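First up is the structure itself, then whatever we jot down about it.
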Amino acid sequence: DETEALKLRYYRQMIDLNLHHKEYLAVSKNYHEIYNTTSVKEEEQKWKEALQRVVLYLILSEYDNEQSDMLARIKTDTNLSKLPYYQNVLMCFDTAELLNWSILKKVYSQHLKSADGEPSSPLDKEENWDVLQMRVVEHNIRVLAKYYTRISMQHFADLLHL
-18 DETEALKLRY YRQMIDLNLH HKEYLAVSKN YHEIYNTTSV KEEEQKWKEA LQRVVLYLIL
42 SEYDNEQSDM LARIKTDTNL SKLPYYQNVL MCFDTAELLN WSILKKVYSQ HLKSADGEPS
102 SPLDKEENWD VLQMRVVEHN IRVLAKYYTR ISMQHFADLL HL
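Here the sequence shown stands for residues -18 to 143, numbered as in our numbering.
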């Protein structure tokens, strides 16, 4: 359908623009729109790639109400269970538990980077690993804020693995 082709072209151009401005939540939303198109849903490889990008850019985006809402919506998607590593990394950011950056990177790095012959993953760029590390620290600060009202800076830094 010509309308759908135009829609896909539009969202790919929006992705390029939003990537230029490093607006990861907008990129995630754009990939979500691509994921929800009929032609993409009909081909397993295409929807898997789109859903993977939704998850990766969602966890790279800054935390706010909109990001939290989208995370809640994406984690209920039934197709996410067919992408276990992406489902697990998304759940890491949805739970109120501290994340250990070194363990997270070790466990997920080989699975979240693209394999040979696949389209490139956002986590193929080292700068995005730095952004992801910052998001892990931000997540951990939110978790600590839930459980502590008084904490020494040394203990705080130890818990954040800084």
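The C-beta atom is built at its ideal place from N, Cα and C for all residues, glycine as well.
Computed from a predicted structure; not experimentally measured.
Kindly indicate which three-state DSSP category residue i falls into: helix, strand or coil?
| i | result |
| --- | --- |
| arginine -10 | helix |
| glutamate 78 | coil |
| serine 180 | This structure does not reach residue 180, given that the chain is present from -18 up to 143, and the question cannot be answered. |
| arginine 131 | coil |
| leucine 64 | coil |
| lysine 106 | coil |
| alanine 53 | helix |
| leucine 37 | helix |
| glutamate 99 | Any answer about glutamate 99 is weak, because its pLDDT of 47 lies below 50 and its placement is not dependable; what the coordinates show is given next. Here glutamate 99 sits in coil by DSSP. |
| asparagine 17 | coil |
Short of 7 Å in beta carbon distance, which residues of its chain neighbour residue i, apart from the five on each side in sequence? Order them along the chain.
| i | result |
| --- | --- |
| lysine 87 | none |
| aspartate -3 | none |
| threonine 18 | Glu(-15), Lys(-12) and Leu(-11) |
Can you grab the Cα-Cα spacing for the pair residue i / residue j, in whole Å?
| i | j | result |
| --- | --- | --- |
| threonine -16 | lysine 22 | 16 Å |
| methionine 35 | arginine -7 | The sequence given here has valine at residue 35, not methionine. Their Cα atoms are separated by approximately 13 Å. |
| glutamate 6 | glutamate 14 | The sequence shown places leucine at residue 6, not glutamate. Computed Cα separation, rounded: 12 Å. |
| glutamate 24 | phenylalanine 137 | 47 Å |
| lysine -12 | aspartate -18 | 10 Å |
| threonine 76 | proline 65 | 16 Å |
| alanine 96 | glutamate 107 | In this prediction, alanine 96 scores a pLDDT of 44, lower than 50, which makes its location untrustworthy; the coordinate-derived value is nonetheless stated afterwards. If you take the alpha carbons of alanine 96 and glutamate 107, they lie about 16 Å apart. |
| aspartate 58 | methionine 115 | 26 Å |
| methionine 134 | leucine 113 | 23 Å |
Would you mind sorting residue i into buried or exposed? The rule is 16 or more other CB atoms within 10 Å of its CB.
| i | result |
| --- | --- |
| histidine 120 | buried |
| arginine 54 | exposed |
| asparagine -1 | buried |
| isoleucine 84 | exposed |
| tyrosine -9 | exposed |
Near residue i, which residues of its chain fall below 6 Å by C-beta distance, leaving aside the five closest residues on each side in sequence?
| i | result |
| --- | --- |
| tyrosine 12 | Ala31, Arg34 and Val35 |
| tyrosine 128 | none |
| valine 117 | Leu80 and Trp82 |
| proline 103 | Leu37 and Asn109 |
On a CA-only basis, which of the options is nearest residue i? Give me that one, please.
| i | options | result |
| --- | --- | --- |
| leucine 93 | Leu37, Met(-5), Lys27 and Thr19 | Leu37 |
| leucine 71 | Ile40, Lys63 and Thr18 | Ile40 |
Going by beta carbon distance, what residues of the same chain come within less than 8 Å of residue i, once the five residues before and after it are set aside?
| i | result |
| --- | --- |
| leucine 61 | Leu32, Val36, Ile55, Tyr67, Gln68 and Leu71 |
| tyrosine 44 | Arg116, Glu119, His120 and Arg123 |
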